[in-house]
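K.L.:
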Amino acid sequence: MAIEPREPPSQLLPRLQRALGGRAGWSGFVIQILFVAVLAWIAYEIVANARANLQAQRITAGFGFLANTAGFDVSQHLIPYSGSDSYTRVFLVGLLNTLLVSVIGIFFATLIGFIVALGRLSPNWLLSKIATGYVELIRNLPLLFQILFWYLAVLAALPNPRQSISIFDRFFLSNRGLVIPKPIGEPGFEPFAIALVVAIIVAIGLWRYSRQALFDSGKVIKVWPYALGLLIGLPLISALIFGAPVMFEVPVLKGFNFAGGSRVIPEFVALTLALSTYTAAFIAEIVRAGILSVHKGQMEAGSSLGLQRGSVLRLIVIPQAMRVILPPLTNQYLNLTKNSSLAVAIGYPDLVSVFAGTTLSQTGQAIEIIGITMGVYLLISLITSAVMSFYGWRLGRSLGNS
Amino acid sequence: MKRVSLVLTLAVAAGLSAQAASAQTLKTVKDRGMLSCGVSQGLPGFSSPDDKGNWTGLDVDVCRAVAAAVFNDATKVKFVPLSAKDRFTALQSGEIDVLSRNTTWTLSRDTSLGANFTGVTYYDGQGFLVKKSLKVNSALELNSASVCVQTGTTTEQNLADYFKGNNMKYEVIAFASADETVKAYESGRCDVFTSDVSQLYAERLKLANPADHVVLPEVISKEPLGPMVRHGDDQWFDIVKWTLFAMLDAEELGVTQKNVDEMAKSDKPELKRAFGTDGNLGEQLGLTKDWVSRIVKAVGNYGEAFDRNVGAGSKLGIARGLNNLWNKGGIQYAPPIR
């Protein structure tokens, strides 16, 4: 009599039960459904109530106002804008200003943060004390205070436009900001740009080739002189053949201000400076913690291979430290972006200032405008953390512990 | 446990929003024993706190007059300082009962904010403040200037209209509060500070050397400033509206803070109606018969309040001009109490 192999009992139902109801099983599932229903009902009540109250008080509601003419001007706009444009345009202008200050702030905060962290860990006594002092001073003062300090201190130190500090009669620094010659595209611009792009692609190819050669056969091929020659040479040849790529419009003092040229407004400088130095103090501590989390033996192993301290850090320690650094670093990036809304204190036209400020008080549609603004900040933050997660995923993969 | 507390939080939130629209402002104010009045964050002459936290100013006196009419006690007011951009939200949400914060009466504000203007406390217009050293005599010479302005005001739009209309270029830097705007102007960030003329005079006092700055002669807009109340409560709207009218009528009738008790005994029919010795006009408003004498005893008539806060008797020293009574060359005109 052959013995039939016993079929294992079907796991489908218990699994489903656990997946839907957690440890409590079906009753937990029912409770969850009820809970969601109650939440949905409360959300509906809140929305319906707000709508009824707005109607009762005859407060205009809806998003129709976005198409109306704004009728006010903005000091810094990355896209063409005038007072006769719509509130939608104002929204875009403010959003771009917020993104500009955030991206540039994140770049400098990371740069300063890493430098300060390395300085603090440096065996050089003076350097490490200076870095410690920087961190302790900056991170213990309120950010708004620092923004106002940079704004008012920088403004007070600068002369008025008529006595501006001029550099070669091309750059002018005054309390209206830094005025620089504005590049204007000439017919030679396109071939110049193409030449530059080609040079960059070839240079990257050369670098990859040399690295591959190093990994495959241990041969060191010096490519940087060729790459540099290409990067300078190709655009230069194009300029010689097709003419100068750009002309510079030189600013001239006319009336109260400079006419022509481009201008970096002091509000932008003060805000970027304050945000990047402030966030850098936190990033420095995160980076230091990350580096210290890598075992000391790694450093010693690197040194015993005959590598310089810098190379050990760059090739061995920091890649391992990044695993620890990345999550809190993402937090700091998000903080910086959200802190940029303090811009309103010094008159930098960011999203909160022009949209949740001026537009709100002109239209009075608080619920819609605050809703949009919150949604935008949420979106920016989610995108930032998605990018950082992707980087973390790649890093984990390359370190072999995905 | 966590779930329960979350549900509770949300339920409370829903409950709060349910009672926002109420048509019983007078009852709410009486129950609370306090009038909640939205004012500026410090504008000399209109609403500013002294070093002991006592608020004074023309806008403040309007709220004190309302409190006097309701409670017979001008001190029963809680002043809520508001920035220009927060003021309407505070009124809509019911945080304040009256907004008396140098707010310009415009059509869009009257219709789309769910609030009504109750009258005009001060006829103002927008002007420009510049440094004397710039040697500018007219606003038309301001081409290419940098202009500091407070955000969330009608000022920004008037400015855009004026420079566009005169084909002039300018750069605008907008700040959240008046103090920051003035600081930026003082530090030289801009050549011009623009606002309502009354405010320019008030802010000029805060500068290090007021005499080095001059208000240009051009007035580029109409800025009738007045108090606001929420839509949907006509009784409260009437009370705030008639409080200001009572102050104006008192000046026209010659009733002052000093002679109010004597005048109350007068036989003149219009005085008898105003003081409630004849008829019950105050009770029709939902107040008491002696509402006018309560108001005048507390803050004086309109002319007295004006002089004390912004006029000849104050540091600002602004002339009555448009704000004089209609029969004295101005345009302040209140309907009769009868």
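Chains Z and A supply the protein sequences, listed in that same order. Count along the first sequence from 1, then add 272; that gives the number in the numbering used here. Count along the second sequence from 1, then add 810; that gives the number in the numbering used here. Just so it is clear, CB atoms sit at the ideal spot from N, CA and C, and this is done for glycine as well.
Where DSSP assigns a beta bridge to residue 865 of chain A, which residues make up the other side?
P.N.:
As a position in the second sequence, residue 865 of chain A is number 55, starting the count at 1. According to DSSP, which records beta bridges pairwise, residue 865 of chain A is partnered with A:859.
K.L.:
For residue 1041 of chain A, decide whether its Cβ has a neighbour in chain Z, counting only Cβ atoms nearer than 9 Å.
P.N.:
Taking the first residue of the second sequence as 1, we reach residue 1041 of chain A at position 231. At least one chain Z Cβ lies under 9 Å of residue 1041 of chain A.
K.L.:
Where DSSP assigns a beta bridge to residue 960 of chain A, which residues make up the other side?
P.N.:
In the second sequence, counting from the first residue as 1, residue 960 of chain A sits at position 150. Beta-bridge pairing links residue 960 of chain A to A:985.
K.L.:
Could you pull out every residue in the same chain whose Cβ sits closer than 7 Å to the Cβ of residue 1115 of chain A, ignoring the five residues on either side in sequence?
P.N.:
Here residue 1115 of chain A is taken as the residue at index 305 of the second sequence, counted from 1. Here the set comprises 868, 871, 1057, 1109.
K.L.:
Can you list, in chain order, the residues of the segment 997 to 1024 of chain A whose Cβ is nearer than 9 Å to any Cβ on chain Z?
P.N.:
Answer set for the segment 997 to 1024 of chain A: 997, 998, 999, 1000, 1001, 1002.
K.L.:
Can you tell me which residues form a DSSP beta bridge with residue 520 of chain Z?
P.N.:
If you number the first sequence from 1, residue 520 of chain Z lands on position 248. Z:455.
K.L.:
Provide the residue(s) that pair with residue 1002 of chain A in DSSP beta bridges, ordered along the chain.
P.N.:
One-based indexing of the second sequence puts residue 1002 of chain A at position 192. BP columns for residue 1002 of chain A point to A:940, A:957.
K.L.:
Considering only residues of the same chain and omitting the five flanking positions on each side of residue 632 of chain Z, which have a CB-CB separation below 7 Å?
P.N.:
Within the first sequence, the letter at position 360 stands for residue 632 of chain Z. Result list for residue 632 of chain Z: 638, 641, in chain order.
K.L.:
Would you report the Cα separation of residue 347 of chain Z and residue 592 of chain Z, rounded to the nearest angstrom?
P.N.:
Numbered from 1 along the first sequence, position 75 holds the residue referred to as residue 347 of chain Z. Numbered from 1 along the first sequence, position 320 holds the residue referred to as residue 592 of chain Z. If I take the Cα positions, the gap works out to 45 Å.
K.L.:
When the Cα of residue 920 of chain A is compared with those of A:932, A:904, A:898, which residue comes out closest?
P.N.:
Here residue 920 of chain A is taken as the residue at index 110 of the second sequence, counted from 1. It is A:898.
K.L.:
Select from Z:600, Z:534, Z:573 the residue whose C-alpha is nearest the C-alpha of residue 561 of chain Z.
P.N.:
The count along the first sequence starts at 1 and reaches residue 561 of chain Z at position 289. The option with the nearest alpha carbon to residue 561 of chain Z is Z:600.
K.L.:
Looking at C-alpha atoms only, which residue of Z:326, Z:420, Z:624, Z:597 is the closest neighbour of residue 903 of chain A?
P.N.:
As a working mapping, residue 903 of chain A is identified with position 93 in the second sequence. Residue 903 of chain A has its Cα closest to that of Z:326, out of Z:326, Z:420, Z:624, Z:597.
K.L.:
Of the residues that make up the segment 447 to 468 of chain Z, which ones have a beta carbon closer than 9 Å to any beta carbon in chain A?
P.N.:
Within the segment 447 to 468 of chain Z, the residues whose Cβ lies closer than 9 Å to some Cβ of chain A are 447, 448, listed in chain order.
K.L.:
In whole angstroms, what is the alpha-carbon distance linking residue 991 of chain A and residue 1067 of chain A?
P.N.:
Taking the first residue of the second sequence as position 1, residue 991 of chain A is located at position 181. Taking the first residue of the second sequence as position 1, residue 1067 of chain A is located at position 257. Distance between the alpha carbons of residue 991 of chain A and residue 1067 of chain A: 37 Å.
K.L.:
Counting only the same chain and skipping the five closest in sequence on each side, list residues whose C-beta sits under 7 Å from that of residue 1103 of chain A.
P.N.:
To locate residue 1103 of chain A, count along the second sequence from 1; it is residue 293. For residue 1103 of chain A, where only same-chain residues beyond five positions count, the Cβ hits under 7 Å are 1070, 1074, 1085.
K.L.:
For chain Z, is any of its Cβ atoms less than 9 Å away from the one on residue 953 of chain A?
P.N.:
Residue mapping note: residue 953 of chain A aligns to position 143 of the second sequence, counting from 1. Interface residue, yes.
K.L.:
So what does DSSP say about residue 448 of chain Z, is it helix, strand or coil?
P.N.:
Sequence index remark: in the first sequence, residue 448 of chain Z carries index 176 (1-based). Three-state DSSP puts residue 448 of chain Z in coil, outside helix and strand.
K.L.:
Is residue 1116 of chain A close to chain Z? Criterion is C-beta to C-beta, closer than 9 Å.
P.N.:
Against the second sequence, residue 1116 of chain A aligns to sequence position 306. Not closer than 9 Å to any Cβ of chain Z, the Cβ of residue 1116 of chain A fails to qualify, so no.
K.L.:
Contact check, residue 876 of chain A vs residue 1050 of chain A under 8 Å by CB: the rounded distance?
P.N.:
For the purposes of this step, residue 876 of chain A is taken as residue 66 along the second sequence, with counting starting at 1. For the purposes of this step, residue 1050 of chain A is taken as residue 240 along the second sequence, with counting starting at 1. Their Cβ separation, rounded to whole angstroms, is 6 Å, which keeps residue 876 of chain A and residue 1050 of chain A in contact under 8 Å.
K.L.:
Note down the Cα distance separating residue 446 of chain Z from residue 538 of chain Z, rounded to an integer number of angstroms.
P.N.:
Working through the first sequence from its first residue, we reach residue 446 of chain Z at position 174. Working through the first sequence from its first residue, we reach residue 538 of chain Z at position 266. About 9 Å.
K.L.:
Report buried or exposed for residue 345 of chain Z, applying the criterion of at least 16 other Cβ atoms within 10 angstroms of its Cβ.
P.N.:
Walking along the first sequence from the start, residue 345 of chain Z turns up at place 73. Buried.
K.L.:
Given 8 Å as the limit, is there contact between the segment 503 to 515 of chain Z and the segment 921 to 940 of chain A, that is, 3 or more CB pairs closer than that?
P.N.:
At 8 Å Cβ cutoff, the stretches do not touch.
K.L.:
Taking the C-alpha atoms as reference points, what is the distance between residue 1113 of chain A and residue 911 of chain A?
P.N.:
Within the second sequence, numbered from 1, the residue matching residue 1113 of chain A stands at position 303. Within the second sequence, numbered from 1, the residue matching residue 911 of chain A stands at position 101. Distance between the alpha carbons of residue 1113 of chain A and residue 911 of chain A: 19 Å.
K.L.:
Below 6 Å CB to CB, which residues in the same chain sit around residue 666 of chain Z once its five sequence neighbours on both sides are set aside?
P.N.:
Locating residue 666 of chain Z in the first sequence gives position 394, where the first residue counts as 1. Taken in chain order, the list of residues that qualify is empty.
K.L.:
Just list the alpha helix (DSSP H) runs in the segment 625 to 663 of chain Z, keeping only unbroken ones of 4 residues or longer that don't cross its boundaries, in chain order.
P.N.:
If we require 4 residues or more, the alpha helix (DSSP H) runs fully inside the segment 625 to 663 of chain Z come out as 632 to 635.
K.L.:
Can you find the residues in the same chain that come closer than 8 Å, C-beta to C-beta, to residue 916 of chain A, ignoring five residues on each side of it along the sequence?
P.N.:
In the second sequence, counting from the first residue as 1, residue 916 of chain A sits at position 106. The answer, listed in chain order, is 964.
K.L.:
Taking CB distances under 9 Å as the criterion, tell me whether residue 1076 of chain A reaches chain Z.
P.N.:
By 1-based counting over the second sequence, the position of residue 1076 of chain A is 266. No - not a single Cβ of chain Z is within 9 Å of the one on residue 1076 of chain A.
K.L.:
Tell me whether residue 854 of chain A is buried or exposed, calling it buried when 16 or more other Cβ atoms sit within 10 Å of its Cβ.
P.N.:
For the purposes of this step, residue 854 of chain A is taken as residue 44 along the second sequence, with counting starting at 1. By the 10 Å Cβ count, residue 854 of chain A comes out buried.
K.L.:
Please determine if the segment 420 to 438 of chain Z and the segment 477 to 496 of chain Z are in contact, where contact requires at least 3 C-beta pairs separated by less than 8 Å.
P.N.:
With the cut-off at 8 Å, the segment 420 to 438 of chain Z and the segment 477 to 496 of chain Z do not touch.
K.L.:
Near residue 374 of chain Z, what residues of its chain come up, given a Cβ to Cβ distance below 7 Å and the 5 sequence neighbours on each side ignored?
P.N.:
Here residue 374 of chain Z refers to the residue found at position 102 of the first sequence. 608, 609, 612.
K.L.:
Return yes when the Cβ of residue 668 of chain Z is within less than 9 Å of the Cβ of residue 331 of chain Z, no when it is not.
P.N.:
Stepping through the first sequence from its first residue, residue 331 of chain Z is reached at position 59. Stepping through the first sequence from its first residue, residue 668 of chain Z is reached at position 396. Contact flag unset, no.
K.L.:
I'd like the span of the alpha helix (DSSP H) that includes residue 1130 of chain A, first residue to last.
P.N.:
Translated into the one-based positions of the second sequence, residue 1130 of chain A becomes position 320. Looking at the DSSP string, residue 1130 of chain A is not in any alpha helix (DSSP H), and its letter there is neither H nor E.
K.L.:
So, at 7 Å on beta carbons, what are the nonlocal neighbours of residue 471 of chain Z in its own chain, with the 5 sequence-adjacent residues on each side left out?
P.N.:
One-based indexing of the first sequence puts residue 471 of chain Z at position 199. Once the five neighbours on either side are set aside, the close Cβ partners of residue 471 of chain Z are 502, 503, 506, 507.
K.L.:
Just to make sure I have the definition right: I need the residues of chain A whose C-beta is within less than 7 Å of the C-beta of residue 332 of chain Z. Which are they?
P.N.:
As a first step, residue 332 of chain Z must be located in the first sequence, where it is residue number 60. The answer, in chain order, is 922.
K.L.:
Tell me where the beta strand (DSSP E) around residue 738 of chain Z begins and ends.
P.N.:
Residue 738 of chain Z is absent from the structure shown; chain Z starts at 273 and stops at 674.
K.L.:
For the segment 892 to 917 of chain A, which residues have a CB atom closer than 7 Å to at least one CB atom of chain Z, in sequence order?
P.N.:
From the segment 892 to 917 of chain A, only 894, 895, 898, 899, 902 have a Cβ closer than 7 Å to chain Z.
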